[in-house]
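Visitor: Have a look at this one.
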Amino acid sequence: MSALADTGDRLVGLAAGCLFSVLLVFSGYCLWDSATVAYGALVTPQLRKAKPEPDSPTLAELQAQNPDVCGWLTLDGTHIDYPVVQGADDLEYVNKAADGSFALSGAVFLSAANRADFSDAYNLLYGHHMENGAMFGDLTQFSDSEYFGDHTTGTLYAEGTSYELQVFACVLTDAYDPVVYTPSTDPAALAGYIRAHAVQYRDPPENCRVAAFSTCDDSRTNGRVAVFAALKGGDTE
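The sequence shown begins at 12 in our numbering and counts up by one.
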């Protein structure tokens, strides 16, 4: 009976050891996978070399790789410094990088309902919320008054055009918001809605075009963060 018990103990110990090994390998894989996705969300040095400059806001080099590229977005003092693409619908670039390759981190993309030249009164852009601050991960920080006060500017390059961005509001909402997530929303109705629902706000320039940058807010079910900026300038080079 003792020998049988010893054998049983050894089998239990062996099974526990195997289970521990499997869990250890799985945990290592999860960490590796998360790190890979986070790293993939960063702009590579090669891609950054193709970023347009103020005196030459051309996207030709990027568009040669992928004709869906329609801009480059920078929010000063944040990790948000990415090319912008536009797909046939708003799902195409959820898991596709700006160069067209597969990527779980996706790309920053303009709503398919907008004009690709950002000439609409309201232009809606999406990006994943990455924990390392990549993609649109930094947008959630705009709900903090100090961060909002310190991060007020940016640049949006379109083909042959450079816009200055003036950040003026942060709204916490959900994925089904019919005002924020409808690019054809009437500008006056949008302005009133933003003012009424913003957790952070300052007056924007009058009669300006607006860009919204949206990402997930993991602290709430279907939560979303939308940061709004006025598009200033836009003179063709």
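Note that the Cβ used here is the ideal one computed from N, Cα and C, for glycine as well.
1. With distances taken Cα to Cα, identify the nearest neighbour of Pro-94 among Ala-114, Arg-231, Leu-70 and Val-238.
2. Compute the Euclidean distance between the alpha carbons of Ala-241 and Glu-170, then round it to the nearest angstrom.
3. Can you give me the C-alpha to C-alpha distance between Pro-78 and Asp-110, rounded to a whole angstrom?
4. How should Thr-232 be labelled, buried or exposed, when 16 other C-beta atoms within 10 angstroms of its C-beta is the threshold for buried?
5. Which runs of the alpha helix (DSSP H), 4 residues or longer, sit entirely within the segment 173-225?
6. Would you mind sorting Val-236 into buried or exposed? The rule is 16 or more other CB atoms within 10 Å of its CB.
7. If I measure Cβ to Cβ from Ser-154 and keep anything under 7 Å in the same chain, skipping five residues before and after, which residues do I get?
8. For a test of the three-state rule: what should DSSP assign to Arg-235, helix, strand or coil?
9. Assign Gly-160 to one of three DSSP states: helix, strand, or coil.
10. Buried or exposed for Thr-55, please, with buried defined as at least 16 other CB atoms from any protein chain shown within 10 angstroms of its CB.
11. When you measure from the CB of Ser-173 to every non-hydrogen atom of the ligand NAD, does any distance come out below 7 Å?
12. Using the Cβ count rule (16 or more neighbours within 10 Å means buried), how would you classify Leu-167?
13. Spatial neighbours of Pro-194 within its chain, please: CB distance less than 6 Å, with the 5 preceding and 5 following residues excluded, ordered by chain position.
14. According to DSSP, is Asp-92 part of a helix, a strand, or is it coil?
15. By the 10 Å Cβ neighbour count, where 16 or more other Cβ atoms means buried, how is Gln-97 classified, buried or exposed?
16. Would you kindly report the start and end of the unbroken beta strand (DSSP E) that includes Leu-86?
17. Please state whether DSSP places Leu-115 in a helix, a strand or coil.
18. For Glu-72, which residues in the same chain have their Cβ closer than 6 Å to its Cβ, ignoring the five residues on either side in sequence?
Guide: Working from what's here:
1. By one-based count along the sequence shown, residue 94 stands at place 83. Checked all of Ala-114, Arg-231, Leu-70 and Val-238; the closest Cα to Pro-94 is Leu-70.
2. Reading the sequence shown from its first residue, position 230 is the one you call residue 241. Reading the sequence shown from its first residue, position 159 is the one you call residue 170. Each residue's alpha carbon lies about 18 Å from the other.
3. By 1-based counting over the sequence shown, the position of residue 78 is 67. By 1-based counting over the sequence shown, the position of residue 110 is 99. One C-alpha to the other measures close to 9 Å.
4. Here residue 232 corresponds to residue number 221 of the sequence shown, with the count starting at 1. Classification for Thr-232: exposed.
5. Whole alpha helix (DSSP H) segments, 4+ residues: 198-208.
6. Walking along the sequence shown from the start, residue 236 turns up at place 225. Buried: at least 16 other Cβ atoms inside 10 Å.
7. On the sequence shown, residue 154 is found 143 positions in, with the first residue counted as 1. If we look at Ser-154 and ignore the five residues flanking it on each side, its Cβ neighbours are Cys-181, Leu-183, Val-210, Gln-211 and Val-236.
8. In the sequence shown, the residue the question calls residue 235 occupies position 224. Note: Arg-235 maps to strand in three-state DSSP.
9. Residue 160 sits at position 149 when you count from the first residue of the sequence shown. In this structure, Gly-160 counts as helix in the three-state DSSP scheme.
10. If you number the sequence shown from 1, residue 55 lands on position 44. So Thr-55 counts as exposed.
11. With respect to small molecules bound, the structure shown includes none, and the ligand NAD cannot be examined in it.
12. On the sequence shown, position 156 is the one that residue 167 refers to. Residue environment: Leu-167 is assigned as buried (16 or more neighbouring CB atoms within 10 Å of its CB, all protein chains considered).
13. Taking the sequence shown and counting its residues from 1, one reaches residue 194 at position 183. Hits under 6 Å: Ser-122, Ala-124, Asn-125, Tyr-133 and Leu-135.
14. Counted from its first residue, the sequence shown places residue 92 at position 81. If DSSP states are grouped into helix, strand and coil, Asp-92 belongs with the strands.
15. Reading the sequence shown from its first residue, position 86 is the one you call residue 97. With a threshold of 16 other beta carbon atoms within 10 Å, Gln-97 meets it and is buried.
16. Here residue 86 refers to the residue found at position 75 of the sequence shown. Its beta strand (DSSP E) spans residues 80-86.
17. Along the sequence shown, one-based indexing puts residue 115 at 104. Leu-115 falls in the coil class under three-state DSSP.
18. In the sequence shown, counting from the first residue as 1, residue 72 sits at position 61. Excluding its 5 nearest sequence neighbours in each direction, Glu-72 has C-beta neighbours in its own chain below 6 Å: Ala-61, listed in chain order.
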